[in-house]
Amino acid sequence: MIDIKQIIANPEAVRTALLKRLESVDFTELLQWESERKSLVVAMENKRNERNKGTAEISRMMKEKQDATTARETVKQIGKDIADLKNKHDDLATRIHDLLVNLPNIPEDIVPAGGKENNVVIETFGEKPGFDFKTKDHVDLATDLKLVDYARGTKMGGTRKWVYYGDGALLEWGLINYFINHHIKNGYAFMLPPHILNAESGYVAGQFPKFKEDVFHLDAEEDATHFLLPTSETAIANFYRDDVLREAELPKKIFSYTPCYRKEAGGYRTSERGTIRGNQFNKVEIFHLTTPEQSEVSFQEILATAKQLLRNLGLHFRVSRLAADDCSASMAKTYDLEVWIPSINDYKEVSSVSTAHTYQAIRGNIRYKDAATKKNKYVHTLNGSALATSRLFPAILEQFQQADGRVKVPEVLVPFLGKEYFE
RNA sequence: GGAGAGAUGCCGGAGUGGUUGAACGGGCUCGCCUGGAAAGCUAGUGUGCCCGAAAGGGUACCGGGGGUUCGAAUCCCUCUCUCUCCGCCA
């Protein structure tokens, strides 16, 4: 959530920045509500002060056995006045909150305005592999090499499900373990959170209220309180909810592994065959909690980590800076890492590295005590996939396929698979 | 699923309607003491919001929400969570 203080301090700057992702932004009403709300707070507190004094007076009179009937009547009326003021105040506060909570994050200066079409490719690694033989796509490769069973997956769970088995399961598990080992070596704390989260967690991470229909709810729709996490970011972002961290323990660096459960409602496309877009996929996620000063360094570190893993796998990929409206609502800046999939003739996202600035911290009340000023301040939260596997799998099969139908195992994964080729 | 108990500050733990933001103990910080430390002693030690240039003042907060009352940490309702016992169970 955007801090209303930031809007009050410089409404025009916030408005201009938000126009990069919204068609129109108007704070006139909001600012008016907020100033009304503040004067109601003053009025209410003055009344409460009166009541506190009156109450003390009644207490004194009672001790001295005086008649306090009149005083009681007076204070009773003050109580009613307070209740009236409180109703007006709460109504305004609700309206202000509703408006704020639906605003997306303020994009950083570097973020291009507009939607997807304005994304900027900033780096490309490796080259598109050239083949002098007739290539197969990932679905055929996975089927022929008996790595993934799509038909039995849908038999068990319906559309958008699949089964990794045999060497396919080993590849999937090898990727996950390779990433996990990498992060452990880099000093990250490993977290295995619950996959079932409550509504509050969805709100804090920013999935709710906007993206409620994209997740799997576990309760009857009318009292939906629990859902399956769509990314472990949702869980980690809530780990320190309502905490005050010491500045010395920042930046906190955490990673986790969970499946991600997403509805992905809508029609099927040829380009999304196989494991490209499913209801459940595996992801290793990195998360940082930092001071505002450390924030950009952390962003670069997460980005560098994701890039390093892809380079170590030997894949051709690119890095894009997303335009404002293509970033998730909670995020101020997002870079996507996209891997080349020859059969689709396009790049597919395998990692999204983002900074939420204080957007999630404000919702989750996650703060740190500033060592110099002794004041509690909101942390910055950053996250990045490192990495999601469901597009790596097809990319590996297709980019490393051989003329004889075999697929070469990336060197770093050989120890996990105990072989150099899928055959 | 059934029965009961509970949720208070950084921690432990008092407090069952009237100067209680909260006894007492521990921890931590500052200072004194010391060659240095320990012990001992002194003082201090929550957060949000509002007013104020500041000093400071006001207000709210004892799991969340609502109610009773002149007045609620204390009484009532409700929700969430924790613990104990029983049942069921991978």
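At the far end of the first sequence sits residue 443, using the working numbering, and the numbering has no gaps. The beta carbon of each residue, even a glycine, is placed where N, CA and C say it ideally should be.
Figure out for me which residue from 86, 106 and 53 has the closest Cα to the Cα of residue 65. By one-based count along the first sequence, residue 65 stands at place 45. Here the closest residue by C-alpha is 106.
With a cut-off of 8 Å, do at least 3 Cβ pairs link the segment 292-301 to the segment 404-414? The answer is yes - the segment 404-414 touches the segment 292-301, with three or more Cβ pairs under 8 Å.
Measure from the alpha carbon of residue 434 to the alpha carbon of each residue in 381, 269, 193 and 204, then state which is nearest. On the first sequence, residue 434 is found 414 positions in, with the first residue counted as 1. The candidate whose alpha carbon is nearest that of residue 434 is 193.
Which residue from 41, 373 and 366 puts its Cα closest to that of residue 296? For this step, residue 296 is matched to residue 276 along the first sequence. When the alpha-carbon of residue 296 is set against those of 41, 373 and 366, the nearest one is in 366.
Using a 10 Å radius around the Cβ and a threshold of 16 neighbouring Cβ atoms, would you call residue 153 buried or exposed? Taking the first residue of the first sequence as position 1, residue 153 is located at position 133. Label assigned to residue 153: exposed.
Going by the beta-carbon positions, is the gap between residue 261 and residue 389 smaller than 8 Å? Within the first sequence, residue 261 is the residue found at index 241, counting from 1. Within the first sequence, residue 389 is the residue found at index 369, counting from 1. No.
Nearest neighbour of residue 245, chosen from 190, 333 and 221 [CA to CA]: Taking the first sequence and counting its residues from 1, the one referred to as residue 245 is at position 225. With distances taken between Cα atoms, residue 245 lies closest to 221.
Among residues of its own chain, excluding the 5 on either side of residue 442, which ones have a beta-carbon nearer than 6 Å to its beta-carbon? Residue numbering aside, residue 442 sits at position 422 when the first sequence is read from its first letter. Listed in chain order, the non-local C-beta contacts of residue 442 below 6 Å within the same chain comprise 165, 187 and 427, local neighbours out to five positions each way being set aside.
At what residue ranges does the segment 344-372 contain a whole run of the alpha helix (DSSP H), taking only runs of 4 or more? As for any alpha helix (DSSP H) of minimum length 4 sitting wholly inside the segment 344-372, there is none.
Excluding the five sequence neighbours on either side, which residues of its own chain have a C-beta within less than 6 Å of the C-beta of residue 273, listed in chain order? One-based indexing of the first sequence puts residue 273 at position 253. Result list for residue 273: 208 and 308, in chain order.
Between the alpha carbons of residue 464 and residue 93, how many angstroms are there, rounded? Since the displayed the chain opens at 21 and closes at 443, residue 464 lies outside it and no answer follows.
Report the three-state DSSP secondary structure of residue 279 (helix, strand or coil). In the first sequence, the residue the question calls residue 279 occupies position 259. It is a strand residue.
Do you know how far the Cα of residue 399 is from the Cα of residue 159? Locating residue 159 in the first sequence gives position 139, where the first residue counts as 1. Locating residue 399 in the first sequence gives position 379, where the first residue counts as 1. Approximately 43 Å between the Cα atoms of the pair.
Is it true that the segment 413-432 meets the segment 371-391, where meeting means three or more beta-carbon pairs spaced less than 8 Å apart? Not touching, per the Cβ criterion.
In three-state DSSP terms, what is residue 131? Counting from 1 along the first sequence, the entry for residue 131 is found at position 111. Assigned with DSSP and collapsed to three states, residue 131 falls in coil, not helix or strand.
Which residues share a DSSP beta bridge with residue 169? Position 149 of the first sequence, counted from the start, is the residue given in the question as residue 169. Its beta-bridge partners are 183.
First and last residue of the uninterrupted beta strand (DSSP E) at residue 228: Against the first sequence, residue 228 aligns to sequence position 208. For residue 228, there is no enclosing beta strand (DSSP E), since its DSSP letter is neither H nor E.
Candidates 268, 279 and 233: closest to residue 255 by CA position: One-based indexing of the first sequence puts residue 255 at position 235. Of the listed residues, the one whose Cα sits closest to residue 255 is 279.
Would you identify the three-state DSSP class for residue 439, choosing helix, strand or coil? As a working note, residue 439 is residue 419 in the first sequence. The three-state reading of DSSP puts residue 439 in coil, since its state is none of H, G, I, E or B.
Check whether the Cβ atoms of residue 401 and residue 372 lie closer than 8 Å to each other. For the purposes of this step, residue 401 is taken as the residue at position 381 of the first sequence. For the purposes of this step, residue 372 is taken as the residue at position 352 of the first sequence. Cβ atoms of residue 401 and residue 372: not closer than 8 Å.
If you scan the segment 40-112 from start to end, which runs of the alpha helix (DSSP H) of 4 or more residues do you find wholly inside it? As far as the segment 40-112 is concerned, its whole alpha helix (DSSP H) runs of at least 4 residues are 48-83.
Which residues mark the beginning and the end of the alpha helix (DSSP H) in which residue 388 is found? Here residue 388 refers to the residue found at position 368 when the first sequence is read from its first residue. Note, residue 388: premise wrong, no alpha helix (DSSP H); beta strand (DSSP E) at 387-389.
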